[in-house]
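As structure tokens, the structure follows; a few thoughts come after it.
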Amino acid sequence: MLGANSSVNERENIVVIFHHPYGQLRVGAEGAASSAAVLVPGALRFPAAAAAAMALADLYTQYNRVWIPDAEEVWQSAEITANYRPGDHSLHLQLEDCTEVDYPVEPSALPPLRNPDILVGENDLTALSYLHEPAVLHNLRVRFVESRLIYTYSGIILVAMNPYKELPIYGDAIIHAYSGQNMGDMDPHIFAVAEEAYKQMARNDRNQSIIVSGESGAGKTVSARYAMRYFATVSKSSSNAKVEDKVLACNPITEAIGNAKTTRNDNSSRFGKYMEISFDRKYQIIGANMRTYLLEKSRVVFQSENERNYHIFYQLCASAQSPKFKHLQLASAEEFNYTNMGRNITIEGVNDHADMKETQKTFNLLGLKEDFQMDVFKILSAILHLGNVQISTVGDEKSSVDVDDKHLNIFCELLGVESDKVAQWLCHRKIITTSETVVKPMTKHQAVNARDALAKKIYSHLFDFIVEQINKALQF
């Protein structure tokens with residue numbers, strides 16, 4: 001996570017939480033004043049000058065330790081058993097299992113040196129004597145495995161390890177402990193980064209940004225959520241408590257419609273989010289605005305094995321027997337093509353029925369009334385029924401949909417459209433030229449693709465519409 005100044009807003013201050021989706025994020029800010037450690041991924045390299053070679057040889061002496069590549073452990077530690085001399089083509093090493101080896105080396109690319117034990121477990125990677133890939137990995141491992149610490153600094157960057165379980169380090173007492181403190185005075189924590197951004201905004205009257213980056217399953221969603229919670233807590237007053245509650249309420253909704261189970265992450269964000277939180281001159285939250293991008297539309301119609309569609313579909317199916325949802329004519333998620341492809345419709349430890357109640361609760365908290373919610377659920381249910389519409393082959397080049405198809409009629413009833421026209425245009429395409437309009441039949445394969453494209457288009461527009469309504473609810 002990186003805090004960086006941005007432009008000044010004369011009326012209000014803003015903290016931006018930039019949450020990149022399921023890939024890596026590389027950001028460069030021209031003119032931004034910042035300092036960060038340079039990670040050297042491979043071996044240490046020095047000029048070939050004689051003086052440098054002699055200085056280098058002084059580091060590779062008996063009893064010092066180095067890191068060498070290992071097929072299973074990635075890196076393993078070894079102790080030097082004989083002094084290295086310039087021009088040698090091997091290092092005499094003893095591995096941790098006491099095995100003696102002559103490790104081949106090139107004078108210009110000696111193996112990375114291991115840090116002294118006294119530095120191992122440092123809470124800031126820039127405090128290490130040697131900063132390279134094995135040093136970083138070992139330090140993070142020691143802190144995570146031995147000390148149960150998931151956060152480590154690297155200068156102004158916070159490195160977070162995902163423990164894949166809830167930890168008791170995010171309560172209000174912890175928030176208040178970090179409030180008003182300098183970043184370097186407290187143990188590394190997402191709250192320390194959030195406090196630094198909040199303090200810099202108040203002290204310098206400048207907008208701030210927090211960038212949350214990492215691979216799928218790294219914990220970006222949770223980190224962004226805790227940063228938002230920190231701002232909502234430290235800026236809360238009795239007069240505007242509902243404002244902060246609304247800002248936090250957008251998370252369960254966006255996760256329901258934009259997150260899904262993947263093979264690497266049970267709650268993977270399948271979209272990017274740019275969140276602006278606005279503060280008044282008393283540094284209390286007065287509103288927020290969310291921009292989304294890169295929604296994975298293909299997930300609506302296809303999921304790989306052991307993956308799921310978006311959570312909201314399973315929440316709906318789990319609530320199918322609720323009286324208020326009877327008219328949606330839903331069933332178990334196993335009964336719908338768009339939710340059973342991954343062959344695993346449940347997530348361990350997750351109650352989709354209870355989550356549906358939480359989603360409805362947050363809709364209400366944002367002031368999005370029951371009529372609006374029911375319209376959303378109708379559209380979502382219609383998408384599920386659309387995926388079950390059967391398309392048949394007619395001859396070699398044509399296809400058809402039975403106008404009496406059960407799911408077709410439910411789809412049309414929920415959306416208020418005519419079933420005969422939908423049946424026709426699922427299997428035909430219109431080609432308009434400068435001189436004429438031609439209606440051409442589609443093969444079954446083409447018709448299935450057209451059906452799926454329609455489902456993706458509907459979901460994409462619904463997603464954007466819900467975000468738009470959330471943003472309206474967050475303006476005060």
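Per full-length UniProt numbering, the very first residue in the sequence shown carries number 1; after that it's consecutive.
Glycine residues also receive a C-beta, built at the ideal position from the N, C-alpha and C atoms.
A382 sits away from L408, with the two beta carbons spaced by 8 Å or more. The three-state secondary structure of Y338, taken from DSSP, is coil. By the beta-carbon neighbour count (other beta carbons within 10 angstroms, threshold 16), T221 is buried. The segment 344-360 makes contact with the segment 309-316, as at least three CB pairs between them are under 8 Å.
When only Cα atoms are considered, Q62 and E79 end up about 8 Å apart.
Straight through space, the alpha carbons of V301 and Q181 are spaced by roughly 48 Å.
Counting the other CB atoms within 10 Å of its CB gives S332 a total below 16, which places it among the exposed residues.
Beyond the five residues adjoining it in sequence on each side, A450 comes within less than 7 Å, by CB distance, of L426, M442 in the same chain, given in chain order.
The three-state secondary structure of Q76, taken from DSSP, is strand. Residue pairing by DSSP places W67 opposite S77 in a beta bridge. The segment 196-205 makes no contact with the segment 247-265; the number of CB pairs closer than 8 Å stays below 3. T81 and H92 do touch by the CB rule: their CB atoms are close to 5 Å apart, below 8 Å. Note that the segment 294-308 touches the segment 333-347; at least 3 beta-carbon pairs, one per stretch, sit closer than 8 Å.
Exclusion of the five residues before and after V438 leaves I431 as the residues of its chain whose Cβ lies within less than 7 Å of its Cβ. Going by DSSP, S322 is part of no beta strand (DSSP E) at all; its letter is neither H nor E.
Excluding residues up to 5 positions away in sequence, S399, K444 lie with their Cβ nearer than 7 Å to the Cβ of T393 in the same chain.
Straight across, the Cα-Cα distance linking L119 with F279 is about 41 Å. Under DSSP, the beta-bridge partners assigned to V439 are K430. Residue pairing for L93: DSSP places it in a beta bridge opposite I80, V101.
Its chain contains N139, V142, R143, E146, S147 as the residues whose beta carbon lies nearer than 8 Å to that of G121, once the 5 sequence neighbours on both sides are disregarded; these appear in chain order. Excluding sequence positions up to five before and after E397, its CB lies within less than 7 Å of the CB of P441, T443, all in the same chain and listed in chain order. Taking the C-beta atoms as reference points, S129 is found nearer than 8 Å to P116. Look at the beta carbons and you see the segment 251-259 not touching the segment 203-214: under three pairs across the two are nearer than 8 Å.
With a cutoff of 8 Å on beta-carbon distance, H385 and F363 are scored as not near each other.
V234: member of the alpha helix (DSSP H) spanning 220-234, first to last residue.
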